[in-house]
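First residue of the sequence shown? That's 0 in numbering that gives the first Met the number 0, and the numbers climb one at a time after it. One structure below.
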Amino acid sequence: MTENCSHDCGSCQQDCASRDLHEPLHNLSRVGKVYGVVSGKGGVGKSLVTSLLAVQLQKQGVQAAILDADITGPSIPKMFGAKGKITGTEDSGFFPVTSRSGIEMVSTNFLLDHDTDPVVWRGPIIAGTVKQFWGSMLWDDIDVMLVDMPPGTGDVPLTVFQSLPLDGVIIVTSPQDLVSMIVTKAVRMAELMHVPIVGLIENMAYFRCPNCGSEHAIFGKSHIEQVAAEHGLKVLARLPIDPALTALCDAGKIEDYDGQLLADVANDLK
Ligand code: ADP
């Protein structure tokens, strides 16, 4: 503890021993490893990467869970075609929704009457929801939990970084000019919060022609290796634009994906 400590850890940057803002888990829950999936901007495929990693983990015999911390823009339930509702009580705890292959999930869409209802909540309510998704749920023997973060470095990512015991973050990006600046912001935030970075995943990196097999850089030339080297990070994977993936997401059938994309990355998260 530093001299003149105000005990307001939320706004303090000091790396001090008494600093622990982690929310406790429910006493009946067990969660092994926890990884945040982050991106500097929206629409780069962060939720798809989260879903694919969970699907691969579950296939590898690892009990996976997804905490959808994208409170106002949840897309995880849609990708899994999951329409369940969170049940339980404040006293006994709440049950997550289980996907067809057994992945446990929590998302604001499981609280709404209609999945088209907008979530128009103030910041503190949103932050409180994220904490409850972690601490009030009955997480049944989870080996690896993936936290789908909202894009950017705002209030909710800050809440997740501070309140959940993250083992690491995976940064998802797509090829474009802004990538260096966007990735640098995400890297700096993780460093500031003392959370290790597992590595970078470049999504929509290329399109492979189904006829001739040639690769096309639809969104421009990739700079991912250069950006990774600048920050001393690993490129975990480069994912192609694959219309089959779009179709599976749209149909809510991401668990039917039978390819090997991200299988190695998932293996390293165990
Ligand atoms: P984010 O979470 O970063 O906002 P999503 O994961 O929701 O982005 O992806 C947005 C949409 O783009 C999804 O509906 C998904 O179907 C599509 N998509 C993302 N990555 C790919 C890909 N590599 N190939 C095909 N479609 C993709």
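Even glycine gets a Cβ: it sits at the ideal position worked out from N, Cα and C. From a predicted model like this one, the values you see are computed outputs, not experimental measurements.
Inset, instruction - Measure the alpha-carbon distance for H193 versus P242 and round it to whole angstroms. - result: On the sequence shown, residue 193 is found 194 positions in, with the first residue counted as 1. On the sequence shown, residue 242 is found 243 positions in, with the first residue counted as 1. Approximately 37 Å, taken between the alpha carbons.
Inset, instruction - Check R187 in the structure and name its three-state DSSP category. - result: In the sequence shown, counting from the first residue as 1, residue 187 sits at position 188. Looking at R187 - three-state DSSP - the assignment turns out to be helix.
Legend entry - DSSP-derived helix/strand/coil call for D255: Looking up residue 255 in the sequence shown gives position 256. Of the three classes helix, strand and coil, the one that applies to D255 here is helix, per DSSP.
Legend entry - Runs of alpha helix (DSSP H) wholly within the stretch 37-93 (minimum 4 residues, chain order): 45-58 and 75-79
Legend entry - D241 CB to nearest heavy atom of the ligand ADP below 7 Å: Locating residue 241 in the sequence shown gives position 242, where the first residue counts as 1. Yes.
Legend entry - Beta-bridge pairing of P239 - partner residues as DSSP gives them: Counted from its first residue, the sequence shown places residue 239 at position 240. DSSP output for P239 lists Y205 as bridge partner(s).
Legend entry - Minimum C-alpha distance to A126 - residue among G92, V105, I70 and D116: Working through the sequence shown from its first residue, we reach residue 126 at position 127. That would be I70, whose Cα lies nearest to the Cα of A126.
Legend entry - Endpoints, beta strand (DSSP E) assigned at I125: Here residue 125 corresponds to residue number 126 of the sequence shown, with the count starting at 1. Counting along the chain, I125 falls outside any beta strand (DSSP E), though it belongs to the alpha helix (DSSP H) covering G122 to G134.
Legend entry - Any non-hydrogen atom of the ligand ADP within 7 Å of M104 CB: Locating residue 104 in the sequence shown gives position 105, where the first residue counts as 1. Outside the cutoff, so no.
Legend entry - Residue span of the beta strand (DSSP E) that contains T172, given as start and end: As a working note, residue 172 is residue 173 in the sequence shown. G167 to T172 is the extent of the beta strand (DSSP E) around T172.
Inset, instruction - Specify the secondary structure class of D147 as computed by DSSP and reduced to three states. - result: Along the sequence shown, one-based indexing puts residue 147 at 148. In this structure, D147 counts as strand in the three-state DSSP scheme.
Inset, instruction - Could you tell me whether the Cβ atoms of L235 and L56 are closer together than 8 Å? - result: As a working note, residue 235 is residue 236 in the sequence shown. As a working note, residue 56 is residue 57 in the sequence shown. Contact: no.
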